[in-house]
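This report refers to the structure that appears directly beneath it.
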Amino acid sequence: MASSLENLTKVDIAGFQKDLIGWFEEEQRELPWRKDQDPYKVWVSEIMLQQTRVDTVIPYFNRFIDQFPTIEALSSADEDKVLKAWEGLGYYSRVRNLQTAVREVHEKYDGVVPNTLKSISTLKGVGPYTAGAILSIAYGIPEPAVDGNVMRVLSRILSIWEDIAKPATRKVFEEAIREMISHDNPSFFNQALMELGALVCTPTSPSCLLCPVRDHCHAFHEGTQNELPIKTKNKNQRKVQIGAVIIRDEEDHVIIHKRPKEGLLANLWELPNTEIHLPFINEKDQIKSELKQAYNLDIEMGNLLGQLEHVFSHLIWNINIYEAKLTSDFKHANDVKIVTKTELEEFAFPVSYQKIIKHYINE
DNA sequence: TATTCGTGGTC
DNA sequence: TGACCAAGAAT
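Going by the UniProt record's numbering, the first sequence opens with residue 1, and the numbers climb by one from there.
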């Protein structure tokens with residue numbers, strides 16, 4: 001069986017580098033993290049950009065750097081403030097890992113982001129892609145940074161038919177990049193591949209007639225650019241019924257709960273809620289009983305206010321939203337608070353609960 | 001290795 | 001409109 005990289009020897013690597021980097025120098029977007037090569041800012045941008053679109057990241061990046069401009073600033077920040085700055089971006093463990101890693105750099109490396117693959121790879125949240133991205137972009141080190149764009153572009157350039165959904169496949173592309181990467185400008189080489197994937201060599205209907213490297217592209221010559229890359233699909237989401245409750249005291253304060261420090265939406269805040277296993281059978285009684293057990297809250301259940309479906313990448317919440325009255329004195333706990341409507345704004349909520357608060361509490 | 005971990009945009 | 005997608009890492 002032929003090697004998946006058999007076409008690598010047919011590529012004019014010097015010409016490919018020149019055409020690719022030349023295009024990037026002319027056509028790259030002006031992005032806030034491209035104003036300088038501050039390793040900390042490059043790092044923050046790469047974490048934010050994981051599985052997240054550039055247009056979504058831009059305002060978050062600007063606010064985040066404004067609020068936490070240096071490694072020192074992020075190191076000394078409260079995690080609740082950091083999560084609040086990340087609110088709505090998703091994959092919240094990214095920013096908790098980032099703060100953990102930044103604190104390690106602050107203490108162990110005197111605030112200087114490591115510039116070796118071995119050291120930087122030990123940092124929490126820094127995997128093979130992010131390590132290569134920081135090393136090449138911030139330090140000019142010729143290390144592969146293989147993301148989804150790079151796999152898509154190279155699968156077409158080199159006609160690689162392996163399934164890019166499989167984790168082991170990334171190494172095939174790393175091997176190719178090690179042969180192809182510009183040692184004069186590894187930063188622009190890596191960024192150009194990703195920029196090309198974002199702007200030209202798109203997942204559907206790639207703009208081959210505008211592509212600066214189409215003469216180097218095996219798929220373009222074969223006409224297979226719409227068949228590549230091979231990517232198997234993921235499974236369907238499982239559905240979960242949730243009963244969430246807006247619990248008020250007599251002064252219109254609202255009770256909120258901090259989620260566990262691990263798992264889905266870790267350390268974010270939410271309304272008291274419970275999973276409903278047998279929907280439509282004494283649902284209010286179930287909720288009242290389980291909230292007593294889980295949070296030690298005594299409540300009188302009120303009306304069903306509405307319903308909300310929230311789709312995650314791997315599951316679907318169907319939330320029934322109730323109101324309720326607190327019927328005994330509230331006892332403070334680390335993970336349960338009672339707050340005013342104004343104070344709600346200080347806490348980081350998942351988007352599903354942001355919507356509930358906006359619709360049923362603030363208006 | 002396969003699954004978990006968010007969200008908003010797109011077709 | 002539902003399925004897929006977007007600069008992945010941890011477990």
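Each residue gets a CB set at the ideal place from its N, CA and C atoms; glycine is no exception. Computed from a predicted structure; not experimentally measured.
Quiz prompt | Terminal residues of the alpha helix (DSSP H) in which Lys-292 lies | solution = Unbroken alpha helix (DSSP H) run through Lys-292: 283-295.
Quiz item: Apart from the five residues on each side of it in sequence, which residues of its chain come closer than 6 Å, Cβ to Cβ, to Ile-338?
Solution: The answer, listed in chain order, is His-253, Ile-255 and Phe-330.
Quiz item: Helix, strand or coil for Trp-317 per DSSP?
Solution: Correct three-state label for Trp-317: strand.
Practice problem: Closer than 8 Å by C-beta to Ile-246: which residues in its own chain qualify, once you throw out the five before and the five after it? Chain order, please. | Solution: These residues qualify, in order along the chain: Val-254, Leu-271, Leu-305, Ile-321, Tyr-322, Glu-323, Ala-324, Ile-356, Tyr-360 and Ile-361.
Quiz item: Tell me which same chain residues have a C-beta within less than 7 Å of the C-beta of Ser-155, skipping the five on either side of it?
Solution: Excluding five sequence positions before and after Ser-155, the CB atoms of its chain that fall closer than 7 Å to its own CB belong to Ile-164, Leu-228 and Pro-229, given in chain order.
Quiz item: If we ignore side chains and look at the alpha-carbon of each, how far apart do Thr-342 and Ile-47 end up?
Solution: Roughly 31 Å separates the two Cα atoms.
Self-check item: Cβ-Cβ distance between Val-11 and His-216 below 7 Å
Solution: Closer than 7 Å, so yes.
Self-check item: Backbone CA spacing between Glu-202 and Ala-133 [nearest angstrom]
Solution: In the sequence as displayed, the identity of residue 202 is Thr instead of Glu. About 20 Å.
Quiz item: Where does Glu-27 sit, in a helix, a strand or coil, going by DSSP?
Solution: Look at Glu-27 here: in three-state DSSP terms it is helix.
Exercise. Within the same chain, show all residues whose beta-carbon is closer than 6 Å to that of Tyr-295, passing over the 5 residues directly before and after it, in chain order.
Key: Sequence-distant partners of Tyr-295 (beyond 5 residues in either direction) whose C-beta falls short of 6 Å from its own C-beta, in its chain, are Pro-272 and Val-336.
Exercise. Could you tell me the boundaries of the alpha helix (DSSP H) in which Gln-37 lies?
Key: Premise fails: Gln-37 is in no alpha helix (DSSP H) and is neither H nor E.
Quiz item: Taking just the CA atoms, how far does Asp-36 sit from Gln-237?
Solution: The alpha-carbon atoms of Gln-237 and Asp-36 are separated by roughly 41 Å.
Quiz item: Ordered along the chain, which non-local residues of its own chain (more than five positions away) have a Cβ less than 6 Å from that of Phe-220?
Solution: Cβ within range, chain order: Cys-208 and Arg-214.
Quiz item: Who are the Cβ neighbours of Ser-75 in its own chain at under 6 Å, not counting the five residues just before and after it?
Solution: Beyond the five residues adjoining it in sequence on each side, Ser-75 comes within less than 6 Å, by CB distance, of Val-102, Arg-103 and His-106 in the same chain, given in chain order.
Quiz prompt | Through-space distance from Thr-52 to Ser-159, alpha-carbon basis | solution = Looking at the two C-alpha atoms, the distance is approximately 26 Å.
Quiz item: Apart from the five residues just before and just after residue 364, which ones in its own chain have a Cβ nearer than 8 Å to its Cβ?
Solution: The structure shown has nothing for residue 364, since the chain only spans 1 to 363.
Quiz item: Considering only the beta carbon of each residue, do Asn-149 and Lys-124 sit closer than 7 Å?
Solution: Not in contact: Asn-149 and Lys-124 (Cβ atoms no closer than 7 Å).
Quiz item: Of the choices Pro-39, Phe-173 and Gly-90, whose alpha-carbon is the least far from that of Ile-65?
Solution: It is Pro-39 whose Cα lies nearest to the Cα of Ile-65.
Exercise. Can you tell me which of the three DSSP states Glu-46 falls into?
Key: Correct three-state label for Glu-46: helix.
Exercise. In the DSSP assignment, find the beta strand (DSSP E) that holds Glu-300 and state where it starts and stops.
Key: Judged by DSSP secondary structure, Glu-300 falls within the beta strand (DSSP E) whose first and last residues are 299-311.
Quiz item: CB-CB under 7 Å to Lys-41, same chain, minus the five flanking residues each way: which ones, in chain order?
Solution: Only Trp-33 and Ile-65 meet the Cβ criterion.
Quiz prompt | Contact under 7 Å by Cβ, Lys-239 with Ile-319 | solution = Contact: no.
Quiz item: What is the DSSP secondary structure of Arg-238, counted as helix, strand or coil?
Solution: When DSSP states are grouped into helix, strand and coil, Arg-238 belongs to the strand group.
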